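Data first, discussion second: the structure below is written as structure tokens.
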Amino acid sequence: MADKYTGADQDRRYTGEDVDITYNVQRCIHAAECVNRLSSVFDTQKRPWINADGAPADQIADTIQHCPSGALHYDPQDERLAEPTPDHNEALLWENGPIQVTGDLTIEGANVAIEHETRVTLCRCGASHNKPFCDNSHKDIDFVTEEIEPKQIKDVESGGKLTITANANGPLELSGNLKITGADGETLFQGSKTWLCRCGHSSSKPFCDGTHKKVNFTAE
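So the number in our numbering is just where the residue sits in the sequence shown, counting from 1, plus 3.
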């Protein structure tokens, strides 16, 4: 992306009577939550594949809130249906896959500047062509993770703003109250500051250990 990506305001918009739907194909990781939950609105066999009038606005809102990557967002006419900001910040590590983060998120980096986000999947294999977002490249390179023992468990509040900074050719810096959970459900981190590997080569995954410098990781 030549210019900084600022979020759903730049995504393709599908206009409906009661709700507009926005979609970013580059952020989509084909989790299929949308097509499995509400095929009357999301049908990949049709063109356009999104029909913003295909179901009541509340059903559309509920379905889109289950999109893990944040590729889908919505703008309802009824403000009561607006997506709520999660009251806690959590990162879930997919087995051999991305970091799924939910919460009150700000995302910063060379190619991105999103001030208000609630859902995102971030690359940690190092191969995504749309960094810092996951684009499923981990499947192409057979990325394998072996999570380590919990690094730090502190008694911190669960909510508040979480800022995710994709450091130039370096790790993801997470600042704010956060809980990190492994694919097995074990809590690996709970605190307010950490750095996560995004080069794919750390020996302490999901945490950065400086290996990006040794492998000359290039993100931008």
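Each residue gets a CB set at the ideal place from its N, CA and C atoms; glycine is no exception.
Computed from a prediction, not measured in an experiment: that's the story for all the values here.
Candidates the options: closest to residue i by CA position
| i | options | result |
| --- | --- | --- |
| residue 130 | 40, 202 and 39 | 202 |
| residue 176 | 7, 97 and 167 | 167 |
| residue 205 | 42, 109 and 146 | 146 |
| residue 72 | 211, 192 and 139 | 139 |
| residue 41 | 23, 50, 64 and 159 | 64 |
| residue 53 | 214, 32 and 22 | 22 |
| residue 165 | 178, 143, 34 and 214 | 178 |
| residue 9 | 34, 116 and 218 | 116 |
| residue 79 | 216, 212 and 19 | 19 |
| residue 32 | 141, 187 and 24 | 141 |
| residue 37 | 135, 152 and 66 | 66 |
| residue 94 | 152, 192 and 136 | 192 |
Buried or exposed (CB count within 10 angstroms, at least 16 for buried), residue i
| i | result |
| --- | --- |
| residue 4 | Low confidence applies to residue 4: its pLDDT is 43, below 50, so where it sits in the model is not reliable, and the reading given next is rough at best. The residue in question, residue 4, is exposed, as its Cβ has fewer than 16 Cβ neighbours within 10 Å. |
| residue 208 | buried |
| residue 112 | buried |
| residue 221 | exposed |
| residue 186 | exposed |
Whether residue i touches residue j by CB criterion (8 Å)
| i | j | result |
| --- | --- | --- |
| residue 223 | residue 170 | no |
| residue 30 | residue 74 | yes |
| residue 224 | residue 86 | Here the chain has residues from 4 to 223 only, and residue 224 is not among them. |
| residue 43 | residue 58 | yes |
| residue 7 | residue 133 | no |
| residue 51 | residue 77 | no |
| residue 125 | residue 104 | yes |
| residue 46 | residue 60 | no |
| residue 154 | residue 210 | yes |
| residue 174 | residue 215 | yes |
| residue 34 | residue 25 | no |
| residue 102 | residue 127 | yes |
Whole-angstrom C-beta distance between residue j and residue i, which should lie under 8 Å
| i | j | result |
| --- | --- | --- |
| residue 190 | residue 184 | 6 Å |
| residue 109 | residue 89 | About 14 Å; that fails the 8 Å criterion. |
| residue 92 | residue 181 | 5 Å |
| residue 107 | residue 194 | In fact, because the Cβ distance is near 16 Å, the residues do not count as touching under 8 Å. |
**Asked** Per the contact definition of three or more C-beta pairs closer than 8 Å, is the region 85-104 in contact with the region 135-150?
**Response** yes
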